[in-house]
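As given, the protein sequences belong to chains A and B, one line each in that order. For what it's worth, our numbering labels the leading residue of the first sequence as 1, then goes sequentially. For what it's worth, our numbering labels the leading residue of the second sequence as 932, then goes sequentially. A virtual CB, placed ideally from N, CA and C, is assigned to each residue, including glycine.
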Amino acid sequence: MTALLLKTKLYIPHIRPELVSRPRLIAQLDTGLCSGSLGEDDLIQDHFARKLTLVSAPAGFGKTALITEWVQHLRTALKVAPSFAWLSLDEDDNDPVRFFTYLIAAIETVQAGVGANAQALYQSPPSPPLKTVLTVLINDLVSIPVSFVLVLDDYHVINQAAIHEALTFLVDHLPPQMHLVIASRTDPPLPLARLRTRGQLTELRAADLRFTLDESLTFLNEAMALGLSSEHVAALGARTEGWVAGLQLAALSMRGRADAGDFIAAFSGSHHHVIDYLAEEVMAQQPKDIHDFLCQTAILNRLTAPLCDAVTGRTDSDAILRQLEQANLFLVPLDEQREWYRYHRLFADFLRNHLQQDMPDRVRDLHCWAAEWYEQNDLVAEAVGHTLEGGEFEWAARLIDQTVEATFARGEMSTLLHWLRALPDAIIRSRPRLSVFYAWAMIVAGELDDVEVHLQIAERAIPADGDSPTAASKSLSSQIAASRAYLAIFQGDVPRATEFARRASEHLSRDDHPFLQSIITWLMGFTQYFNEDTVAAGQLFSESIELSQVVGNTLIAMLSLTTSSFLQIMQGHLRQAHKTLQRGLELVRADDQLSGGEQDGQAFLGASIIYEALGDLLREWNRLEDAERYLVQSVELGEQWGNPEALADAYIFLARLKQVLGDPQGARDTMRKADQLAREKKVALWTVQQIEAHQARLWIAQGNLEAAERWAALRTQAPEPKDAEEKGRLIHFFLRWTEESTLARLRIAQHKFDDALGLIVPLLQVAEDGGWMGIAIELLVLQALALQGQNKTAQALNVLQRALSLAEPEGYVRIFIDEGPPMLTLLQETAARGIVTGYVNKLLAAFNVSEYEGASDTPPPPSDQSLIDPLSERELEVLQLIAAGLSNREIAERLVVAVSTVKTHINNIYRKLDVSKRTQAVARAREMELL
Amino acid sequence: MHCNIQIKGHLSDQWSDWFGGLAIENQPDGSAVLSGQLPDQAALYGVLDRMRDLGVTLLSLNCGIPTPETQAER
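Here is the structure:
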């Protein structure tokens, strides 16, 4: 919508002179703001008495007029009145993105820039969950220094559950200096009962809004100057039941009549529906050209002179509109300048029906003329509406095609889907671009079922161009491939995703719009990352993060962030990686805070991959408790979401951590789960190989060299990469590094130091050539150990010194101390020679504090438990927190898990301890000396 | 499904199309009955919304559950 039309939605209507002042209702409205009565000197303190004012009554009861009068009243009666923001809603606002964009725009009339952070979330689609946007907005609203009232007019047009839920959220978290007014024809599905019982709601309903006899008198005799007797007024009042619209129409009908009495008698005697009867009367009174004007313009949601000219074929619409406004013929101005108007809805409905009856064969033409005008004036979205209503589907499709990218870019999926669904299949089939956007809109909106169907439709439409496809069909192929890649990611099918990403990137052009660019850029990054062009990959990931700077469908952003962090870790830039992951964490926290623990699948996956990367990084920095929290949580989320690739990594990292924490059994159990996962689910071959290599590594750490040797033997029989190209691929390097460094460890453990060095040295060369300093440090550590094994201490120390100088700025810890006593000795030697003393001393201190696992298992700690089913570590943790008096929510926050998870733990605790209450659980645990 | 909606006040025939094609019968007691076939619940709610927007007062609403016979009729 253009700025021009937007301001009509935000316009605060002015008082209409012919309407009656209603002080008794004004006083009622005041109670929503201030507990006592509002005096001239009353400043509304920084909080209002109540949260919500609801004016709920059918059409024509004067809701808008009343609220308008109230605004005026407050502005004149108070020295410091609250600020007012107004939003007039219509059916098109049922798109959640649109709704909140306008809501934010309305509030910005109170304080410029307050919605900037929230608006930024919409900059590139897919759009964030509403609650995310609202939380950001509410945080900003809280800092608005003035008190203000937001009016939502005609809320009954909203029928989207998503909007109702989000608005409920807003009401629940309403800043104290904000008051919300909703005018609606039906009670909105908001928690009214709750607000009522808490005294947070002011309500005005039909019964309140009916005109009393006095008000009717004032209206008819003063405002409309009809000079009726009180019996006549009473009769009219009775007949219309105080319905404002009825009285207005009655007044209009009676103007210029000699004998009001006859009219009133006839009117009273008729059972006819008030509006129908009176509107007919009014229409009958109009001269022909006005009558026709009213009918023809009935199809318009909004009227402006040039548009009316286009639709009626006249040139004097300007004058007519003013005339209608003067005559109070239900024409409502939408701005100061009287550029735009609309008909009062009651009257509009009546007129539309009248039009249908009077000149049905003109209706289509009228829509066409309106569409034409809107199109010529670049208001494409409005034009679409009219073409659809006029049944001009080809035209509609052409217009939609024009505006589809912009609509998509604004995140207005609901609008897009609404339009596309209105088009006949044949038309969509003939426009493959629309099919693709249809598919994208569905993906983004989370309706994944029919996506493939639409992609196939789009594909069929691409002309088989043979050797030289056109730019358009290339772009289309790229988009289709990207959709498939994106879908594959959702389904956890990495090989498929990679393949389609490759195809998509072949045809990507800079002209494709940001959302697609962000996806394809990320997909390309992913591909490059596997193709050893890590510089390109890193750049592409940064680009895609920038492009997809959104929350909500954070998947792309999180995937990009995690993969970027992985690259950074490989390059030895731990601090940078940490920053990158912190960004991911912020995204996760924003999501989690809002959805109250009810995350959707994407959020699960996104959070789990951020957590696992972060957990492993923190392990390296020897922050073991924090690492454990994240990794446990990552596994829990990963198990729920079920993406096998991500889960496999989570298991590997967790197992490694458990080994370091002195829980070798736990480590084994976790690796077993990883193994099982690889067997049961469809994972990439290289994931299987990763799992096996890490399993071997664990065996080595636990002294089970025979099992590790078995792995080594099997491994060397594995097929070599097929060709030089495949051999050169980065994924091969990473896999090779994992496997060969594990093999080197095995050789060192077996005292076969020559073999070990034979593996390490070439690998180290590749790592250094490629700038993989993170990998290089580990290899240097192994090299030092191997050299020491050969009693070449001087060389070993040289190598170690190199490793230390690389590692120091990035805070590496465990890469050294995980190597146990041999490394301890080397470090002591290094310290003795006064090399890199500060860092080395820190490492030595960490050695003393940490319980590193040597070559063999230690027996499990003696347990005083006489439980058949002992409490797990986690359950003990929860129990301790319960004993400390924390609530479930606090425990959840402390342990970085969902509340439901805490409850599950508590249920298990109750079961195992055979109790049913917290106090009992604590008592029993103390009895058994568990606490 | 067959629907029967009773409203307050009379309406002229010309509103029939506006209200889903239901037939309008004005009653002596000042109410009107709109009756006829509506395809489904969504259509019914559509008609009710339009009534709401026109300020019509609803008195009663009856919709038949389609029986095999009535379904065969359609």
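Determine the contact status of residue i and residue j, defining contact as a CB-CB distance below 9 angstroms.
| i | j | result |
| --- | --- | --- |
| LEU561(A) | ARG575(A) | no |
| LEU351(A) | TYR343(A) | yes |
| PHE100(A) | LEU134(A) | yes |
| LEU190(A) | LEU29(A) | no |
| LEU965(B) | LEU990(B) | no |
| LEU782(A) | ALA744(A) | yes |
| LEU130(A) | ALA162(A) | yes |
| ALA776(A) | LEU764(A) | yes |
| HIS507(A) | ALA481(A) | yes |
| ILE427(A) | LEU416(A) | no |
| MET224(A) | PHE48(A) | no |
| GLN795(A) | ILE835(A) | no |
| GLU739(A) | GLN676(A) | no |
| LEU797(A) | LEU757(A) | no |
| VAL1018(A) | GLU91(A) | Missing from the structure shown is residue 1018(A); chain A here goes from 1 to 931 and no further. |
| ALA921(A) | LEU879(A) | yes |
| ALA422(A) | HIS354(A) | no |
| ILE457(A) | LEU487(A) | no |
| ARG429(A) | ARG460(A) | yes |
| ARG198(A) | GLY242(A) | no |
| GLY995(B) | HIS933(B) | yes |
| ILE652(A) | ALA674(A) | yes |
So which residues on chain A does residue i lean against when the C-beta distance must stay under 9 angstroms?
| i | result |
| --- | --- |
| HIS941(B) | SER270, HIS271, HIS272, HIS273, ASP276 and TYR277 |
Quick one: which chain B residues come within Cβ less than 8 angstroms of residue i?
| i | result |
| --- | --- |
| ASP349(A) | TRP949, ARG981, ASP984 and LEU985 |
| LEU346(A) | ASP984, LEU985 and GLY986 |
| ALA207(A) | Per Cβ cutoff of 8 angstroms: no residues; ALA207(A) is ~13 angstroms from chain B at best. |
| ARG185(A) | ARG983 and ASP984 |
| TRP243(A) | GLY986 |
Would you mind giving the Cβ-Cβ distance between residue i and residue j, rounded to the nearest angstrom? I have them listed as a contact below 8 angstroms.
| i | j | result |
| --- | --- | --- |
| SER184(A) | SER270(A) | The Cβ separation is near 30 angstroms, so there is no contact. |
| GLY32(A) | THR202(A) | 4 angstroms |
| ARG257(A) | PHE263(A) | 6 angstroms |
| TRP86(A) | ILE12(A) | 4 angstroms |
| VAL171(A) | SER83(A) | The Cβ separation is near 19 angstroms, so there is no contact. |
| ILE520(A) | ALA536(A) | Actually they are not in contact, since the Cβ atoms of ILE520(A) and ALA536(A) sit about 14 angstroms apart, beyond 8 angstroms. |
| GLY771(A) | GLN571(A) | 6 angstroms |
| LEU581(A) | LEU614(A) | 5 angstroms |
| PRO58(A) | ALA206(A) | 6 angstroms |
| TRP939(A) | VAL384(A) | Only positions 1 to 931 of chain A appear in this structure, which leaves residue 939(A) out of reach. |
| GLN479(A) | VAL451(A) | Not a contact, Cβ separation roughly 13 angstroms. |
Could you please give me the residues that DSSP links to residue i through a beta bridge?
| i | result |
| --- | --- |
| TYR343(A) | LEU331(A) |
| LYS939(B) | SER962(B) |
| GLN968(B) | HIS933(B) |
| ILE955(B) | LEU965(B) |
| ASN993(B) | ASN935(B) |
| THR936(A) | Here chain A covers residues 1 to 931 and nothing more, so residue 936(A) does not appear. |
| VAL149(A) | PHE84(A) and HIS179(A) |
| HIS272(A) | HIS941(B) |
| LEU226(A) | DSSP lists no partner for LEU226(A). |
| LEU303(A) | TYR341(A) |
In chain A, which residues lie with their C-beta within 7 angstroms of the C-beta of residue i?
| i | result |
| --- | --- |
| GLN945(B) | ASN353 and GLN357 |
Any C-beta of chain B within less than 7 angstroms: which residues of the stretch 51 to 69 of chain A qualify? Across the stretch 51 to 69 of chain A, CB contacts with chain B closer than 7 angstroms involve PRO58, ALA59 and GLY60, in sequence order along the chain.
Please list, in chain order, the residues of the stretch 952 to 981 of chain B that have any C-beta partner in chain A closer than 9 angstroms. Result list: ASN957, GLN958, PRO959, ASP960, GLY961, SER962, ALA963, ASP980 and ARG981.
Please list, in chain order, the residues of the stretch 93 to 104 of chain A that have any C-beta partner in chain B closer than 9 angstroms. Cβ contacts with chain B: none found.
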